[in-house]
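According to the UniProt record's numbering, the sequence shown is numbered sequentially starting from 1. Ideal placement from N, C-alpha and C gives every residue a C-beta, glycine not left out. I have placed the structure first, in the form of structure tokens, so that the comments after it can refer back to it.
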Amino acid sequence: MQKLFNLCFELEFYIKIAISCAIVQQAFYFLLNNIEINFITQVLLYWLVGSISFYGIGFLIEKIKTNDVWREKLNARVKKVKKQPFPSFTVKGIITGEIKAFISALIILYLAPEVHRGNSLLLNLGWFLMRIVAADLCFYVSHRLFHTKLLYKIHLKHHEFSDSSSFVAGHKSLLEYIIVTLTDVLPIFIFGYDITQLCAWSFIGNAYNLEGHSSLSIFFIPSNFHDLHHTSFHGNYGIHGFWDRVFNTLNPTTKKPGIMFPVSLLEYKSIKSSLSNDRTI
Numbered sequence: 001m002q003k004l005f006n007l008c009f010e011l012e013f014y015i016k017i018a019i020s021c022a023i024v025q026q027a028f029y030f031l032l033n034n035i036e037i038n039f040i041t042q043v044l045l046y047w048l049v050g051s052i053s054f055y056g057i058g059f060l061i062e063k064i065k066t067n068d069v070w071r072e073k074l075n076a077r078v079k080k081v082k083k084q085p086f087p088s089f090t091v092k093g094i095i096t097g098e099i100k101a102f103i104s105a106l107i108i109l110y111l112a113p114e115v116h117r118g119n120s121l122l123l124n125l126g127w128f129l130m131r132i133v134a135a136d137l138c139f140y141v142s143h144r145l146f147h148t149k150l151l152y153k154i155h156l157k158h159h160e161f162s163d164s165s166s167f168v169a170g171h172k173s174l175l176e177y178i179i180v181t182l183t184d185v186l187p188i189f190i191f192g193y194d195i196t197q198l199c200a201w202s203f204i205g206n207a208y209n210l211e212g213h214s215s216l217s218i219f220f221i222p223s224n225f226h227d228l229h230h231t232s233f234h235g236n237y238g239i240h241g242f243w244d245r246v247f248n249t250l251n252p253t254t255k256k257p258g259i260m261f262p263v264s265l266l267e268y269k270s271i272k273s274s275l276s277n278d279r280t281i
């Protein structure tokens with residue numbers, strides 16, 4: 001039964017990402033379907049969606065964390081760590097980051113073949129489900145390599161923090177940024193891109209990445225999975241726990257039951273019911 005709960009718990013994350021991406025893709029398709037978009041406009045759109053969603057969602061999450069009631073209610077962190085001051089935003093840092101993001105968008109769209117996939121909700125749902133499973137595997141492989149003796153120095157900047165903030169998601173060395181970006185878009189180079197899908201993926205990808213570094217369980221992140229990685233520096237290399245379970249690198253997580261995480265809630269109620277029955281025997 002526990003293995004079934006674990007499998008459903010990990011699949012729930014993938015399905016939630018796929019459904020969210022498919023819904024957002026529909027919105028972009030509605031906005032862009034009757035507009036002729038040239039290459040430069042696509043680059044600008046992809047870059048703007050990524051940048052605006054990164055800062056917008058990040059500041060929203062950090063605003064939630066300033067509210068004591070919501071922070072306590074949504075907190076996913078179990079193991080306490082010493083609080084750390086996080087890097088402050090600077091004009092130079094923001095400009096440098098946006099230059100990197102724009103150049104990445106330009107290179108990705110220049111090299112990847114464009115494919116128009118339309119707005120079939122079912123087909124897009126299937127595409128995004130494949131996309132998140134593949135992206136998780138690619139990230140797992142690259143991230144695990146970052147923790148080898150050969151490459152760990154590339155990754156040390158990101159691991160300056162045991163405590164975590166949503167914007168730690170973007171705190172990387174230039175080389176790590178390039179490698180992570182390449183692994184994330186590898187399926188796009190293989191299968192081609194549809195600009196509406198790409199924008200939806202960028203938006204939702206920022207949402208779960210920022211939430212995953214915030215120590216909160218709001219919508220996508222149902223456990224302290226990534227908190228444990230920042231605490232121990234070992235294990236939990238994927239976006240979520242599926243590939244870590246497959247390759248036996250999973251640090252057992254504490255799941256956050258709640259209405260947004262039905263599998264965790266069902267498991268929690270099942271365990272609670274089982275304990276109650278044991279006491280009555």
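Supposed close pair residue i, residue j - CB separation, criterion 8 Å
{"i": "residue 237", "j": "residue 220", "result": "Not a contact, Cβ separation roughly 18 Å."}
{"i": "residue 134", "j": "residue 24", "result": "Actually they do not touch by this definition, with Cβ atoms about 19 Å apart."}
{"i": "residue 79", "j": "residue 231", "result": "6 Å"}
{"i": "residue 163", "j": "residue 269", "result": "Incorrect: roughly 32 Å between the Cβ atoms, too far for contact."}
{"i": "residue 204", "j": "residue 136", "result": "Rounded, the Cβ-Cβ distance is 13 Å, inconsistent with contact."}
{"i": "residue 14", "j": "residue 129", "result": "6 Å"}
{"i": "residue 152", "j": "residue 146", "result": "6 Å"}
{"i": "residue 233", "j": "residue 158", "result": "The Cβ separation is near 11 Å, so there is no contact."}
{"i": "residue 241", "j": "residue 253", "result": "7 Å"}
Pairwise C-alpha distance: residue j and residue i
{"i": "residue 26", "j": "residue 196", "result": "8 Å"}
{"i": "residue 20", "j": "residue 154", "result": "32 Å"}
{"i": "residue 190", "j": "residue 215", "result": "34 Å"}
{"i": "residue 86", "j": "residue 251", "result": "26 Å"}
{"i": "residue 16", "j": "residue 99", "result": "31 Å"}
{"i": "residue 34", "j": "residue 68", "result": "46 Å"}
{"i": "residue 29", "j": "residue 62", "result": "30 Å"}
{"i": "residue 31", "j": "residue 198", "result": "14 Å"}
{"i": "residue 273", "j": "residue 18", "result": "32 Å"}
{"i": "residue 117", "j": "residue 184", "result": "20 Å"}
{"i": "residue 301", "j": "residue 97", "result": "There is simply no residue 301 to check, as the chain begins at 1 and stops at 281 in what is shown."}
{"i": "residue 229", "j": "residue 186", "result": "24 Å"}
{"i": "residue 93", "j": "residue 179", "result": "20 Å"}
{"i": "residue 114", "j": "residue 95", "result": "29 Å"}
{"i": "residue 71", "j": "residue 77", "result": "10 Å"}
{"i": "residue 48", "j": "residue 206", "result": "13 Å"}
{"i": "residue 177", "j": "residue 8", "result": "31 Å"}
{"i": "residue 193", "j": "residue 125", "result": "15 Å"}
{"i": "residue 88", "j": "residue 188", "result": "33 Å"}
{"i": "residue 226", "j": "residue 90", "result": "26 Å"}
{"i": "residue 12", "j": "residue 44", "result": "33 Å"}
{"i": "residue 235", "j": "residue 10", "result": "16 Å"}
{"i": "residue 120", "j": "residue 202", "result": "19 Å"}
{"i": "residue 81", "j": "residue 123", "result": "44 Å"}
{"i": "residue 51", "j": "residue 213", "result": "17 Å"}
{"i": "residue 283", "j": "residue 150", "result": "Absent from the structure is residue 283, since the part of the chain shown begins at 1 and ends at 281."}
{"i": "residue 138", "j": "residue 6", "result": "21 Å"}
Identity of the residues DSSP links to residue i by a beta bridge
{"i": "residue 56", "result": "According to DSSP, which records beta bridges pairwise, residue 56 is partnered with nothing at all."}
{"i": "residue 167", "result": "Residue 167 pairs with nothing; no bridge assigned."}
{"i": "residue 228", "result": "Paired residue(s): none; residue 228 is not in a bridge."}
{"i": "residue 223", "result": "255"}
{"i": "residue 114", "result": "193"}
{"i": "residue 75", "result": "216"}
{"i": "residue 5", "result": "According to DSSP, residue 5 bridges with nothing at all."}
{"i": "residue 261", "result": "258"}
Nearest candidate by alpha-carbon position, reference residue i, set the options
{"i": "residue 256", "options": "266, 229, 177", "result": "266"}
{"i": "residue 156", "options": "76, 6, 174", "result": "174"}
{"i": "residue 223", "options": "63, 206, 264, 11", "result": "264"}
{"i": "residue 142", "options": "181, 128, 119, 63", "result": "181"}
{"i": "residue 217", "options": "165, 46, 89", "result": "165"}
{"i": "residue 132", "options": "94, 22, 50, 28", "result": "22"}
{"i": "residue 54", "options": "243, 123, 89, 210", "result": "210"}
{"i": "residue 259", "options": "74, 4, 161", "result": "74"}
Closer than 8 Å to chain D by CB, residue i
{"i": "residue 165", "result": "The structure shown contains no chain D; it holds only a single protein chain."}
Residue i beta carbon near the ligand MN (any heavy atom closer than 7 Å)
{"i": "residue 97", "result": "Among the components of this structure there are no ligands whatsoever, and the ligand MN is therefore not found."}
Any contact between the segment 36-51 and the segment 100-115? By contact I mean 3 or more CB pairs, one from each, below 8 Å.
yes
Count Cβ pairs between the segment 228-248 and the segment 91-109 that sit closer than 8 Å; are there 3 or more?
no
The segment 161-172 in contact with the segment 54-71 per 3-pair CB rule at 8 Å:
yes
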